[in-house]
Structures are given as structure tokens and as C-alpha cells.
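Reviewing the structure listed below.
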Amino acid sequence: TIYEEQARNLLKQIYATDIGQLLAEEIEQDRIERYLEKTERNPDDFDAHVALVSIYLQRGNIEKARSELEQIVRINPIYIQGRTTLASVYDELGLFTESIEQYAVAISLELNYEKARKLVDTLVLVNAKNLYVEGELDLAISEFEGILSQEPDNALVHFYLGLIYSNRQEAM
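Numbering (the working numbering), first residue to last: 22 to 193.
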């Protein structure tokens, strides 16, 4: 019947999707292994490390991406994209001091004013989060409010300020 045919076609699509997904994962794992072999043979293989970072970030494996980014920055200390990505990964991991250091170096390397200004803004936000974590709440508030004066719709800043003010309310 027509319904049986539709059911068979639907099953074919499901199987094709599952098999396709498995095949894609297998191919990606093969790529990872090839790049890892390249980095074992030559720890300074910049392109292999970059490829691994891309794969690891797509997979959400932040720790492995961090390790590869650290190698990239070691190999090419003036590679701004590597530094800013590493800074972002450190930020994601809550390693704010390390993130700040990487953003500071990236800012010193960036020749384009607009790009450098954006990096400064990001560094200020990371610094504010660091101040919050370290318990320097008055300084954190000052930094967060400074950010809000430039970006009034910044939800992350509103979130942190909300945390600070709600914690102060509870302490009273």
C-alpha cells in the first residue's frame, strides 16, 4: 500500500541519516588521527595544530582545543587569531587571568585600530568577570557599568550585575 511505501522510505531516510552520521564521525576521527600523527612527527606543524583546533572546537572539546591553541601560540607568537581564540577558550574555562594575558598580547600585536578597540572591550569584560570571581565587587560593578554605558543591551553584563546586587540583598 501507499502507507507501507511511505514507511519504507521514512526508514530508509532514518537509516541513511544514522549511517551518514556514523560515516562522517569516522571520517573526522581519521582526520584527527592523521593530524595527531603529523604533530607527533613534527610538533611545530602549525597547520596540523590549526586543523585540530577547528575540529575540537566544532566537537565542543574545549580542553583539547586549548592544548592545541597553546601549541599554536608557542609556534607562532605573533599569530593574533590564535591568541584571541586561546583567550576566548580561557574565558570559557573561567581562566580569566590567562585570558586577559592573551588579549593584552593580541592588542599589542593588532595594527588595525577598530579590531584592537574590540579586543580592548573584550578584555575589559573578561577583567570585570575576573574581578567578580575574585570578590572585588565594587571594582567589578564599576567595570560592568562602564561596559553598559557603551553597550546598554549587553545581557551578560546585566546578568553579572544582577548576581552582584542580588547577593548584596541576601547579605543584608
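By construction, the Cβ of each residue, glycine as well, lies at the ideal position given by its N, Cα and C atoms. Model, not experiment: these values are computed from the prediction.
Notebook entry, point to check: DSSP three-state call for Y100: helix, strand or coil?
Noted result: On the sequence shown, residue 100 is found 79 positions in, with the first residue counted as 1. The answer is coil: DSSP assigns Y100 none of H, G, I, E or B.
Next item on the list: Assuming A86 and Y77 form a contact by the criterion Cβ under 8 Å, report the distance between their Cβ atoms to the nearest whole angstrom.
Entry: Here the question's residue 86 lines up with position 65 in the sequence shown. Here the question's residue 77 lines up with position 56 in the sequence shown. About 4 Å; that satisfies the 8 Å criterion.
Checklist line | Three-state secondary structure (DSSP) of N133 | finding: As a first step, residue 133 must be located in the sequence shown, where it is residue number 112. The answer is coil: DSSP assigns N133 none of H, G, I, E or B.
Next item on the list: Going by CA-CA distance only, name the one from L130, I96, Y124, D142 that's closest to T105.
Entry: Position 84 of the sequence shown, counted from the start, is the residue given in the question as residue 105. It is Y124 whose Cα lies nearest to the Cα of T105.
Checklist line | Buried versus exposed call for L182 [16 or more other C-beta atoms within 10 Å across all chains shown] | finding: Numbered from 1 along the sequence shown, position 161 holds the residue referred to as residue 182. That one is buried.
Note to self: Going by beta-carbon coordinates alone, are L144 and I168 separated by less than 8 Å?
What the structure shows: Walking along the sequence shown from the start, residue 144 turns up at place 123. Walking along the sequence shown from the start, residue 168 turns up at place 147. Cβ distance not < 8 Å, so L144 and I168 don't count as in contact.
Checklist line | Start-to-end residues for the alpha helix (DSSP H) that takes in D159 | finding: Your numbering for residue 159 matches position 138 in the sequence shown. Start and end: 158-171.
Notebook entry, point to check: Hey, is the region 153-167 in contact with the region 129-144, meaning 3+ C-beta pairs nearer than 8 Å?
Noted result: no
Notebook entry, point to check: From T60 to L184, what distance separates their C-alpha atoms?
Noted result: One-based indexing of the sequence shown puts residue 60 at position 39. One-based indexing of the sequence shown puts residue 184 at position 163. Each residue's Cα considered, the two are about 44 Å apart.
Item checked: Where L21 falls: helix, strand or coil (DSSP) -> With the chain covering 22 to 193 only, the question about residue 21 has no answer from this structure.
Note to self: Within the continuous alpha helix (DSSP H) that includes D7, where are the two ends?
What the structure shows: No answer is possible for residue 7: the residues shown for the chain start at 22 and end at 193.
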